[in-house]
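First up is the structure itself, then whatever we jot down about it.
Protein chains: 2
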Amino acid sequence: MKKRDAILQAATYFFSRKGFKDTSMAELSKATGAAEGTIFYHFKNKQEIFLTILRNLRDDILPEFERYEAEKNVNTGLDMVEESISFYLYMASIKEDLFSILHQRYPYELAEGNPECRQLLESIYEVFVDIFENAIRMGQQDGSIGPWHTRKSAMILFAMVDSMVRFRMYNLYDIASLYNDMIAAGRRMLENRNPAVLKRIPDSDGVVTSDRDV
Amino acid sequence: MKKRDAILQAATYFFSRKGFKDTSMAELSKATGAAEGTIFYHFKNKQEIFLTILRNLRDDILPEFERYEAEKNVNTGLDMVEESISFYLYMASIKEDLFSILHQRYPYELAEGNPECRQLLESIYEVFVDIFENAIRMGQQDGSIGPWHTRKSAMILFAMVDSMVRFRMYNLYDIASLYNDMIAAGRRMLENRNPAVLKRIPDSDGVVTSDRDV
DNA sequence: TAAAAAACCGACTGAGTACTCAGTCTAATT
DNA sequence: AATTAGACTGAGTACTCAGTCGGTTTTTTA
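The listed protein sequences derive, respectively, from chains Y and F. Under this note's numbering, the first residue of the first sequence carries the number 14, and numbering increases by one thereafter. Under this note's numbering, the first residue of the second sequence carries the number 14, and numbering increases by one thereafter.
Okay, here's the thing in structure tokens:
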């Protein structure tokens with residue numbers, strides 16, 4: 014593996030576990046076998062390592078979220094909300110390092126004085142909230158989700174799910190045991206209570222099944 | 014103001030805005046007018062300052078939550094859930110410094126090797142989740158809230174509300190505009206859908222109203 | 001194969017860190 | 001007025017940190 018890649022990998026690991034400030038260049042040097050000088054040959058400074066990680070996070074994760082949007086196959090928007098929650102938690106678990114970096118102070122501190130960083134964070138969060146918003150909008154069109162404010166409902170859903178990432182990161186609660194209840198709570202929060210509306214739209218689409226298969 | 018108190022106040026301020034690690038003793042010294050030696054006269058080390066803040070947080074906030082529990086006056090448990098959300102967000106705004114300290118990495122890192130710190134965090138979070146749990150339990154007894162898992166529902170509610178603290182802290186979203194929608198979402202998530210149950214229990218208590226007045 | 005370019009090295013620097021300590025100041029007590 | 005004790009001081013200490021620099025090795029190009 015190229016030294017540059019090794020440095021990025023180690024930095025992602027250490028920044029997420031120990032935080033940006035608490036990770037020293039000496040530590041990265043030792044972990045990668047690269048001399049400290051080599052790190053500064055590849056990256057202008059420590060901050061630039063962090064920004065590179067954030068850029069990679071956007072470039073890695075955004076396509077995965079977009080691919081998910083294109084590939085998912087569900088009956089109703091309400092089912093898709095459930096899928097979206099699952100997908101978010103799944104991504105947060107396989108990319109744990111990257112997600113927990115977003116729960117640190119440093120990126121937001123950096124964003125205050127660094128437009129690129131702010132832009133990166135904005136585009137990452139936009140994609141996160143969008144998968145919920147799209148699911149909710151779909152549900153509102155097919156009648157499975159009530160007429161609540163779409164974007165705000167998406168944010169509330171995101172708030173719920175994102176806390177789970179925090180709970181896991183800090184070992185506050187066993188989030189696995191909350192999973193089913195969270196899905197159920199999300200459904201109750203969003204589902205349409207008016208059956209008239211529920212029937213009208215699916216008929217016009219020719220979709221007939223009311224049960225979904227996973 | 015006594016130097017010791019000034020140091021604690023400044024430390025709370027700086028730890029919450031800049032983080033524990035990024036706050037230097039020189040900074041605290043400058044902000045309080047106390048010499049660096051004075052800080053170490055009052056506190057064994059930097060960590061001890063943090064633990065003192067955490068102890069005060071528990072001692073300040075817990076009684077306020079308990080007073081709230083004793084004083085609140087609502088019709089149904091579902092209304093009380095709404096009150097609890099309001100109260101939590103209110104406390105988080107008037108004690109912003111203390112709440113944002115709980116969203117940092119340091120306390121959880123310290124908790125791993127420091128039983129007192131872990132104990133402090135646990136008792137703080139217990140009180141937080143308890144106000145929601147008590148409201149939900151009350152609602153389940155008066156029939157306004159459905160038969161969902163009490164503790165888990167409380168945690169999901171807490172997850173939702175606690176994210177708002179994070180959103181505000183990092184300037185991610187304008188949480189004021191989410192407030193009403195969050196209350197409404199919380200109600201839909203919890204309310205009882207079975208009118209039979211809604212009537213049965215209040216009857217046995219001698220309470221007759223099935224509609225609530227806000 | 002020679003020259004040029006890119007990658008890499010690690011000792012070094014100076015600014016900053018938490019913390020110490022010998023001693024001063026203040027205010028109450030004797 | 002003398003004693004005492006707690007509050008306070010700030011220069012000093014040992015150490016860590018991100019970042020530099022002169023030089024060496026490896027790879028690519030000609």
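Here a beta-carbon is modelled for each residue, glycine too, at the ideal position from N, C-alpha and C.
Between the alpha carbons of Asn-58 (chain F) and Ala-19 (chain F) lies a distance of about 16 Å. Within chain Y, the residues Asp-194 have their CB atoms less than 8 Å from the CB of His-162 (chain F), given in chain order. Under DSSP, Glu-40 (chain F) shares a beta bridge with no residue. Residues of the region 169-187 of chain F whose Cβ lies closer than 9 Å to any Cβ of chain Y, in chain order: Ile-169, Leu-170, Phe-171, Ala-172, Met-173, Val-174, Asp-175, Ser-176, Met-177, Arg-179, Phe-180, Met-182, Tyr-183, Asn-184, Leu-185, Tyr-186.
Straight across, the Cα-Cα distance linking Ile-137 (chain F) with Glu-79 (chain F) is about 12 Å. Closest by C-alpha distance to Thr-163 (chain F), out of F:Ile-107, F:Val-142, F:Ser-113, F:Arg-131, is F:Val-142.
Against chain F, the CB of Tyr-54 (chain Y) has no partner CB under 8 Å away; the residue lies outside that interface. The residue from F:Gly-199, F:Asn-207, F:Arg-206 with its alpha-carbon nearest to that of Glu-95 (chain F) is F:Gly-199.
A direct Cα-to-Cα measurement between Ser-106 (chain Y) and Arg-30 (chain Y) gives close to 14 Å. The straight-line gap separating the alpha-carbon atoms of Phe-56 (chain F) and Ala-47 (chain F) is approximately 13 Å. The region 156-176 of chain Y makes contact with the region 172-184 of chain F: 3 or more CB pairs, one atom from each, lie closer than 8 Å.
Fewer than three beta-carbon pairs drawn from the region 143-163 of chain F and the region 59-67 of chain F are found closer than 8 Å, and the two stretches are therefore not classed as touching. Taking a C-beta cut-off of 9 Å against chain F, the contacting residues of the region 22-35 of chain Y are Lys-31, Gly-32, Lys-34, Asp-35, listed in chain order.
Counting every other CB atom within 10 Å of its CB across the protein chains shown gives Ala-124 (chain F) a total of 16 or more, marking it as buried. Under the DSSP assignment, Lys-31 (chain Y) falls in the alpha helix (DSSP H) whose first and last residues are 16-31. The shortest CA-to-CA distance from Leu-134 (chain F) to any of F:Ile-52, F:Glu-40, F:Leu-70, F:Asp-155 is the one to F:Leu-70. For Tyr-183 (chain Y), no alpha helix (DSSP H) segment is defined, and its DSSP state is neither H nor E.
In chain order, Ala-47, Thr-51 place their CB closer than 6 Å to the CB of Lys-16 (chain F), counting only its own chain and leaving out the 5 sequence neighbours on each side. Secondary-structure assignment with DSSP links Ile-158 (chain Y) through a beta bridge to Y:Glu-204.
For Asn-69 (chain F), the enclosing alpha helix (DSSP H) begins and ends at 59-84. By the rule that beta-carbons nearer than 8 Å mark a contact, Met-202 (chain Y) touches chain F. At the C-beta level, Thr-45 (chain Y) and Leu-111 (chain Y) stay beyond 8 Å of one another. For a Cβ distance threshold of 7 Å, nothing in chain Y lies close to Ser-42 (chain F): the least Cβ distance comes to about 20 Å. Near chain Y, meaning a CB-to-CB distance below 9 Å, the residues of the region 105-120 of chain F are His-116, Gln-117, Arg-118, Tyr-119, Pro-120. Not a single CB atom of chain Y sits nearer than 8 Å to the CB of Leu-102 (chain F).
Chain Y has no Cβ within less than 8 Å of the Cβ of Ser-97 (chain F). Secondary structure of Thr-89 (chain Y) (DSSP, three-state): coil.
For Asn-193 (chain Y), the closest of Y:Tyr-119, Y:Ile-98, Y:Leu-41 by C-alpha to C-alpha distance is Y:Ile-98.
Within the same chain, Val-142, Phe-145, Glu-146, Ile-149 come within 6 Å of Ala-167 (chain F) by CB-CB distance, once the 5 residues on both sides are set aside. Chain Y has no Cβ within less than 8 Å of the Cβ of Leu-123 (chain F). With a threshold of 8 Å between beta carbons, Leu-191 (chain Y) makes contact with chain F.
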